[in-house]
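Residue numbers (my numbering), protein chains in the order written: chain A, 171 to 503; chain B, 10 to 350.
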């Protein structure tokens, strides 16, 4: 580890993994945490799914959402991806001295709306205030608790030939935040996809064992999340580049800034892998919800290149897409 | 079939990435080789200049603004780069345009703001406009560390090397937007077939096909594949803006050494916007990382994968040399898209 925490440790890529696996997991190691899934499955009266997430997004308001909506959806989605029907949320706020109460109000209201939409109760919380200069306005943490409805989801269930499906366009959130951060950058109409995945995830439970695994591609984006599907695995994944849905505006912004939309965060999209015979049913379920109307198959699980995500380009060449290395840096020309 | 090997070079970071991303190298016949030349601005920046940028962060209160590509380029001292300096407390800010740096200067009148002006003819007009804007606004706290470089002198220096072995050039479409077809004629004057090429996969394939046709026919002329964007005369307004603020000067290139009239320095009339004149930057002796062969990669002598450091000691997260840092660097592209299947 380096002497100082650098931004790379928050990027969701290799260094984030290093921080998690070397500094955090050894201290808190338990069966539920060690799976490093989007949500932990633990014992209880019933099977309970728990997940926690902290939110430090800047700016706190961006097209399509704000830190409050994000804090609800982020945790709702993690519990949902782990097969849980989320019921309860905790909410912790760390506020910086001098942050306007009007903004606090606006964010809390947004949390209320998002929680109602996702059908979840905020049942406990905490607030701290730090000195001016010691925080970036507002930080939030949420922990979600849900009842396990779709057991057995795991990357270990992947089989050769499984179809990989994404519920909509990728990279919208990451792109929208980047544009909001740099107002004069580019005029582009891009909104965050931030939204709850609960309904779609629960509905996909009807596929039973044909539903192998679900994840929401947040930090590190689609490519990083799919790498996590196949890490240390005998299987690989192959995607068709032309089939991956990216909004033209996102594509344009990425071209200008030298970013790759496959590595930009989504906050209201899910990826799932399903048995080939369940592909059409899975697509029909996802498309029956407005938030999943853009669902498409983007590739499949293969034994041809174990542990490797390959993107087949329009030319027919295959390129390896690794996990994100550090934060994406905008390029020069 | 023992066909002659055809070696084509691109000299633009955007081409490097577009070629790697589309997987073009793997789809070409074995006897057509694509090489990356000195087209990545970060990669050709001399170690001494990188160290100067790092030294600027030691000036109390100074805000250093830069394009994102620069922040992980390693300094002479192990473990040193702008990201580490930022984590240790230096005020280093990533901007997307030099005008953002001017705005930061306006918002922080009591602090010095320096912009790292890196790039080629494509970046120079924007940097010139930023200096002009700072001048118009009467700003006393904005300056630029100019690392701007010119295409033609670098290609001439490459070509002067007796070992240089390239049959044709994929000419950079973005630079051509500024300098025009006229500014690209030197490729054919040097005896190389050249095609000004765009950045879509189809553009690049067409450019390669046009070059191969020229090579087979034994001609060496300049052609323009990117006619939708590149005009014969380029953009004279942008060139005037460059010439108003900057003048040509001898510059040091990583891998190519000192090349006369290859860099853009800030004219005396705008001296106060020149960070090198405003601050006495002392960074001690500079030295490239032992074993780093970015220089050979830039000259097309070494494929990134042939470098002993590639992929083991030198990876994008812990780069030894700039070609692995910049998203446009030949090594970063080769690493990111390594092992085409």
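Where is the CB? At the ideal position from N, CA and C, for every residue including glycine.
Simplified DSSP state of residue i, which is helix, strand or coil
i	result
residue 364 of chain A	coil
residue 216 of chain B	helix
residue 274 of chain B	strand
residue 494 of chain A	coil
residue 447 of chain A	helix
residue 96 of chain B	helix
residue 288 of chain B	coil
residue 327 of chain B	strand
residue 261 of chain B	strand
residue 487 of chain A	coil
residue 384 of chain A	strand
residue 7 of chain B	With chain B covering only 10 through 350, there is no way to say anything about residue 7 of chain B.
residue 118 of chain B	coil
residue 302 of chain A	coil
residue 267 of chain B	strand
residue 356 of chain A	coil
residue 459 of chain A	coil
residue 391 of chain A	helix
residue 431 of chain A	helix
8 angstroms Cβ cut-off: residues of chain A touching residue i
i	result
residue 3 of chain B	Here chain B covers residues 10 to 350 and nothing more, so residue 3 of chain B does not appear.
residue 36 of chain B	485, 486, 487
residue 235 of chain B	Correct list: empty, because the minimum Cβ distance to chain A is about 15 angstroms.
residue 215 of chain B	The contacting residues do not exist; residue 215 of chain B stays about 13 angstroms from chain A at best.
Identified DSSP bridge partners for residue i
i	result
residue 74 of chain B	B/102, B/124
residue 232 of chain B	B/204
residue 536 of chain A	Summary: the structure shown does not reach residue 536 of chain A, with chain A confined to residues 171 through 503, and so no result is reported for it.
residue 261 of chain A	A/295, A/312
residue 178 of chain A	DSSP, once it has assigned bridges, lists no residue as partnering residue 178 of chain A.
residue 45 of chain B	B/19
residue 378 of chain A	Note: residue 378 of chain A sits in no beta bridge, so no partner.
residue 256 of chain A	A/316
residue 333 of chain A	A/444, A/470
residue 151 of chain B	B/122
residue 407 of chain A	A/471, A/479
residue 326 of chain A	DSSP, once it has assigned bridges, lists no residue as partnering residue 326 of chain A.
CB-CB length for residue i against residue j, believed under 8 angstroms
i	j	result
residue 255 of chain B	residue 275 of chain B	6 angstroms
residue 359 of chain A	residue 343 of chain A	With 8 angstroms as the limit, residue 359 of chain A and residue 343 of chain A do not qualify as a contact, their Cβ atoms being about 14 angstroms apart.
residue 274 of chain A	residue 259 of chain A	The Cβ separation is near 18 angstroms, so there is no contact.
residue 208 of chain B	residue 27 of chain B	5 angstroms
residue 127 of chain B	residue 72 of chain B	Not really, about 17 angstroms apart at Cβ, beyond 8 angstroms.
residue 388 of chain A	residue 435 of chain A	5 angstroms
residue 328 of chain B	residue 81 of chain B	6 angstroms
residue 92 of chain B	residue 139 of chain B	Their Cβ separation, rounded to whole angstroms, is 23 angstroms, which puts residue 92 of chain B and residue 139 of chain B out of contact at 8 angstroms.
residue 465 of chain A	residue 393 of chain A	That belief does not hold up - the Cβ atoms of residue 465 of chain A and residue 393 of chain A are roughly 19 angstroms apart, past 8 angstroms.
residue 273 of chain B	residue 155 of chain B	6 angstroms
residue 337 of chain B	residue 35 of chain B	Actually they are not in contact, since the Cβ atoms of residue 337 of chain B and residue 35 of chain B sit about 20 angstroms apart, beyond 8 angstroms.
residue 203 of chain B	residue 239 of chain B	Not quite, the Cβ-Cβ distance comes to about 12 angstroms (not below 8 angstroms), so this is no contact.
7 angstroms Cβ cut-off: residues of chain A touching residue i
i	result
residue 347 of chain B	490
residue 210 of chain B	484, 485
residue 225 of chain B	Going along chain A, no residue has its Cβ under 7 angstroms from residue 225 of chain B, so there is no contact; the nearest lies around 22 angstroms.
residue 314 of chain B	Result: empty, since nearest Cβ-Cβ is about 13 angstroms, beyond 7 angstroms.
Partner residues on chain B for residue i, Cβ-Cβ distance less than 8 angstroms
i	result
residue 174 of chain A	93, 96, 97
residue 184 of chain A	326
residue 412 of chain A	By Cβ distance, chain B contributes nothing, its closest Cβ being about 11 angstroms from residue 412 of chain A, past 8 angstroms.
residue 346 of chain A	In chain order: nothing, as chain B lies at least about 15 angstroms away.
residue 435 of chain A	By Cβ distance, chain B contributes nothing, its closest Cβ being about 17 angstroms from residue 435 of chain A, past 8 angstroms.
Short CB-CB distance (under 9 angstroms) between residue i and chain C
i	result
residue 178 of chain A	Protein chains A and B are contained in the structure displayed, whereas chain C is not.
Interface partners of residue i on chain B, CB under 7 angstroms
i	result
residue 373 of chain A	None at all; the shortest Cβ gap to chain B is about 35 angstroms.
residue 533 of chain A	Chain A is shown only over 171 to 503; residue 533 of chain A falls outside these bounds and no answer can be derived.
Interface partners of residue i on chain A, CB under 9 angstroms
i	result
residue 42 of chain B	Going along chain A, no residue has its Cβ under 9 angstroms from residue 42 of chain B, so there is no contact; the nearest lies around 16 angstroms.
residue 310 of chain B	Those within 9 angstroms of residue 310 of chain B in chain A number zero; the least Cβ separation is about 24 angstroms.
Checklist entry - If you pair each beta-carbon of the stretch 287–294 of chain B with each one of the stretch 303–311 of chain B, do three or more pairs fall below 8 angstroms? => result In short, these stretches do not touch, since the Cβ pair count stays below three.
Checklist entry - Are three or more beta carbon pairs between the stretch 367–384 of chain A and the stretch 437–454 of chain A nearer than 8 angstroms? => result Verdict: yes, contact present.
Checklist entry - Taking three-plus beta-carbon pairs below 8 angstroms as touching, is the stretch 332–352 of chain A in contact with the stretch 428–436 of chain A? => result The stretch 332–352 of chain A, when compared against the stretch 428–436 of chain A, does touch it at the 8 angstroms Cβ threshold.
Checklist entry - Three or more C-beta pairs closer than 8 angstroms, one from the stretch 48–59 of chain B and one from the stretch 30–40 of chain B: is that the case here? => result Verdict: no, contact absent.
Checklist entry - Would you say the stretch 221–229 of chain B touches the stretch 111–125 of chain B, given that touching needs at least three Cβ pairs under 8 angstroms? => result Contact fails: fewer than three Cβ-Cβ distances are below 8 angstroms.
Checklist entry - Does the stretch 395–407 of chain A come within contact of the stretch 463–479 of chain A, defined as at least 3 CB pairs closer than 8 angstroms? => result Touching, yes, given that three or more Cβ pairs across the two stretches are closer than 8 angstroms.
Next on the checklist: Quick test of the definition: if touching needs 3 or more C-beta pairs under 8 angstroms, does the stretch 379–390 of chain A touch the stretch 301–315 of chain A?
Outcome noted: In this structure the stretch 379–390 of chain A does not touch the stretch 301–315 of chain A; the number of beta carbon pairs closer than 8 angstroms is below three.
Checklist entry - Can we say the stretch 91–102 of chain B touches the stretch 189–201 of chain B, given the rule of at least three CB pairs closer than 8 angstroms? => result Result no; under three Cβ-Cβ pairs closer than 8 angstroms.
Next on the checklist: Three Cβ pairs or more, each shorter than 8 angstroms: is that satisfied between the stretch 239–252 of chain B and the stretch 107–118 of chain B?
Outcome noted: Contact between the stretch 239–252 of chain B and the stretch 107–118 of chain B is absent: fewer than three C-beta pairs spanning the two stretches fall below 8 angstroms.
Checklist entry - Is there contact here, the stretch 393–402 of chain A with the stretch 315–332 of chain A, by at least three beta-carbon pairs under 8 angstroms? => result Yes, the stretch 393–402 of chain A is in contact with the stretch 315–332 of chain A.
Item to check | Contact the stretch 223–235 of chain A vs the stretch 288–296 of chain A: 3+ CB pairs below 8 angstroms | outcome: Segment contact: the stretch 223–235 of chain A against the stretch 288–296 of chain A, fewer than three CB-CB distances shorter than 8 angstroms; contact not assigned.
Item to check | Contact the stretch 129–147 of chain B vs the stretch 167–180 of chain B: 3+ CB pairs below 8 angstroms | outcome: Three or more beta-carbon pairs separated by less than 8 angstroms are not found between the stretch 129–147 of chain B and the stretch 167–180 of chain B, which leaves the two stretches without contact.
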